[in-house]
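Written out below as structure tokens is the structure these notes cover.
Residue numbers (the numbering used here), protein chains in the order written: chain A, 107 to 514; chain B, 1075 to 1311.
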């Protein structure tokens, strides 16, 4: 029996009961549609998280005080430990033992109350050095970033994020030259940064930068750092840079056993990996739920095919008595179920893509429909046709022609 | 050599504790070109005999040669092949595919027999013209009368040019005038040299055959040419 005849008779059989065919297909449409929509959504959020982390700067290593949690022992809250100093940062910069690091940005970050006239805002205040601008991809909307003279001279100057600018001065007024008060002390605004987007884990626009030494000595009154961000010369030397920094700091802190280090070095890839893993798990969870609806759709197909086999017992008996071999009967019924699921798969793909497009517009995520998820959905839908069509087809093929012809 | 040779055929149904003997050691032969009616009351085993001759079922014991080919313990698929090539079925209930054109119905055995598409359409048209339905090629089963449907079924039974035509109560669902038309077609076919085996319980219909085999309780009680006294006695039974 040739392929076109087989396909033709399958389509004919399916069009005999259009409503039933449509309802059976709908189960697959919803199943495939939700798989595609949720997988795309997951991939989109993964992409968005990745690009957000990339926007923090490239080839970054972050040294934070305190041991990594895996070594056990007492662990203080992030940023509260006091093991990193400005001298450590200067040593990394100047010792010559860390050739693979190009930029060193020691940072002290705390929340503080910032006021200007009657306006008042609680924001992240970061003590920085000039390297911060390049390491963290800061762009200036107006004015300049903190200079080395500002740091060395403990100037009371501030660079503010666009969110702070609009909170304190309204949207369009130029903040440069204005005075803001941070923890009661007056600072002159010398620059406003370009918005980096405020979504994600923290708002990168609701932030105030002041010279590091000013922050340490005049605002927060401490000589420690919350972290040192380092930029490696290239992505290839990240590991080398990490090791060099590790050795230098261990020797400076007089620690011989690396397992007892009082600092932790995180590479950007670690953070990216962790974030990707979280969104990946999330995506897998959502897809799992969607897959259940696909399974239910498949069972619906099986149900319909079983009903069809029972209804068409006489027809099957006739076909067998006229010489249809088992595999032809199987092929006929499998063709019907595969057409059902494959059509459902195509419609579901369209539905899922539309759905994820609309959703990505609503929650402003990138729109991603990967070829692999489409291919997977098509493969899975055809596979479901075979899987759930197999038993009914077998049942049909094994009917005895005598019994089948006698069946009323 | 006979077209059909049955030697000591028996069929025993074993339903749990009870053994039912449907056919008990039946032997006979049918030559090419014969027109045989198999008669008998219900429960006489004539349906079982038809199933065995039609390769729909296999005997419990005995040998059955169809056109020189042993239809013994063959697999389902091999039996399907034999039915396709050697036997043309005509059923009481016509058994056409519903909502399918006459042409496609006649083409169906050729689809299973692997005949090429243009050849099967040509042959199906010829056969439908032969049974007088040249103007009904694209009518579906439900658009045809019972007699017309049975003529489509006869055209279908001839499509693979089988060794025998096996008709099971071919006029059972038809009015008598239509039944006569169908029997006329069978007689024509027989005159053209086709071998026809017909199961019936109606003596009027059986009279069209040249040979009549009467079964009772799974045994042949009479095997004779069509015009004898026993048959007349059998009438109106």
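We treat Cβ as the ideally placed atom computed from N, Cα and C, and that holds for glycine.
The structure presented is a predicted model; accordingly, all values stated were derived computationally and were not measured.
Query - Through-space distance from residue 413(A) to residue 1134(B), alpha-carbon basis - result: 34 Å
Requested in this report: Identify the contact partners of residue 432(A) in chain B, using a Cβ-Cβ distance below 7 Å as the criterion.
Outcome: 1150 and 1151
Query - residue 331(A) beta carbon less than 9 Å from that of residue 209(A) - result: no
**Report entry** Residues near residue 1091(B) by beta carbon distance below 8 Å, same chain, minus five either side
**Finding:** none
Query raised in the report: For the ligand GTP, any of its heavy atoms closer than 8 Å to the Cβ of residue 429(A)?
Result: As for the ligand GTP, it is missing from this structure, which has no ligand bound.
Query raised in the report: According to DSSP, is residue 504(A) helix, strand or coil?
Result: coil
Requested in this report: Please report the Cβ distance between residue 1218(B) and residue 1210(B), rounded to the nearest whole angstrom; I am assuming they are in contact, meaning their Cβ atoms lie under 8 Å.
Outcome: 6 Å
Query raised in the report: What does a CB cutoff of less than 8 Å around residue 1319(B) pick up in its chain, not counting 5 residues either side in sequence?
Result: Absent from the model: residue 1319(B). The displayed extent of chain B is 1075 to 1311, so no value can be given.
Query raised in the report: Residues of chain B with a CB under 7 Å from the CB of residue 426(A): which are they?
Result: 1154
Query raised in the report: Is residue 443(A) near residue 495(A), with beta carbons less than 9 Å apart?
Result: yes
Query raised in the report: Taking Cβ positions, are residue 1208(B) and residue 1196(B) nearer each other than 9 Å?
Result: no
Report task. Could you have a look at residue 1262(B) and say whether DSSP puts it in helix, strand or coil? Result -> helix
**Report entry** Whole alpha helix (DSSP H) elements within the segment 116 to 194 of chain A, 4-residue minimum
**Finding:** 124 to 161
Query - Cα-Cα separation between residue 1294(B) and residue 498(A), rounded to whole angstroms - result: 42 Å
Report task. Would you decide whether residue 350(A) is buried or exposed? Buried here means 16 or more other CB atoms lie within 10 Å of its CB. Result -> buried
Query raised in the report: Whose Cβ in chain B lies nearer than 9 Å to the Cβ of residue 421(A)?
Result: 1169, 1171 and 1172
Query raised in the report: Closer than 8 Å, Cβ to any Cβ of chain A: which residues of the segment 1138 to 1149 of chain B, in chain order?
Result: none
Query raised in the report: If you draw a straight line from the alpha carbon of residue 87(A) to that of residue 259(A), how long is it in whole angstroms?
Result: Because chain A spans 107 through 514 in this model, residue 87(A) falls outside it and cannot be assessed.
Requested in this report: Check the Cβ of residue 429(A) against every Cβ in chain B and list those closer than 8 Å, keeping chain order.
Outcome: 1154, 1155, 1157, 1158, 1159, 1183, 1186, 1187 and 1234
Query raised in the report: Are the C-beta of residue 511(A) and some C-beta of chain B separated by less than 9 Å?
Result: yes
Query raised in the report: Can you list the residues of chain A that residue 1125(B) reaches, using a CB-CB cut of under 7 Å?
Result: 508
Query - Close Cβ partners of residue 1291(B) (< 7 Å) along its chain, the five nearest in sequence each way excluded - result: 1118
Query raised in the report: To the nearest angstrom, how far is it from the Cα of residue 201(A) to the Cα of residue 347(A)?
Result: 14 Å
Query raised in the report: chain B partners of residue 120(A), CB-CB under 9 Å?
Result: The premise fails here: residue 120(A) is roughly 12 Å from chain B at the closest Cβ pair, so nothing lies under 9 Å.
Report task. Determine the chain A residues that contact residue 1163(B) at a beta-carbon separation under 8 Å, and present them in chain order. Result -> 427 and 428
**Report entry** 8 Å contact criterion, which residue 246(A) and residue 299(A) should meet: CB distance rounded
**Finding:** 6 Å
**Report entry** Beta-carbon neighbours of residue 1130(B), restricted to chain A and to distances below 7 Å
**Finding:** 427, 507 and 508
Query - Strand pairing of residue 230(A), partner residues [DSSP] - result: 217(A) and 313(A)
**Report entry** Contact with chain A by residue 1230(B), beta-carbon distance below 9 Å
**Finding:** yes
Query - Sub-9 Å separation of residue 377(A) and residue 368(A) beta-carbons - result: no
Query - Short Cβ contact (9 Å threshold) for residue 134(A) with residue 451(A) - result: yes
Query raised in the report: Applying the criterion that 16 or more other CB atoms from any shown protein chain within 10 Å of the CB defines a buried residue, is residue 155(A) buried or exposed?
Result: buried
Query raised in the report: Does the beta carbon of residue 439(A) sit closer than 9 Å to a beta carbon anywhere in chain B?
Result: no
Query raised in the report: Which residues mark the beginning and the end of the beta strand (DSSP E) in which residue 332(A) is found?
Result: It is not in any beta strand (DSSP E) - residue 332(A) carries neither H nor E in the DSSP assignment.
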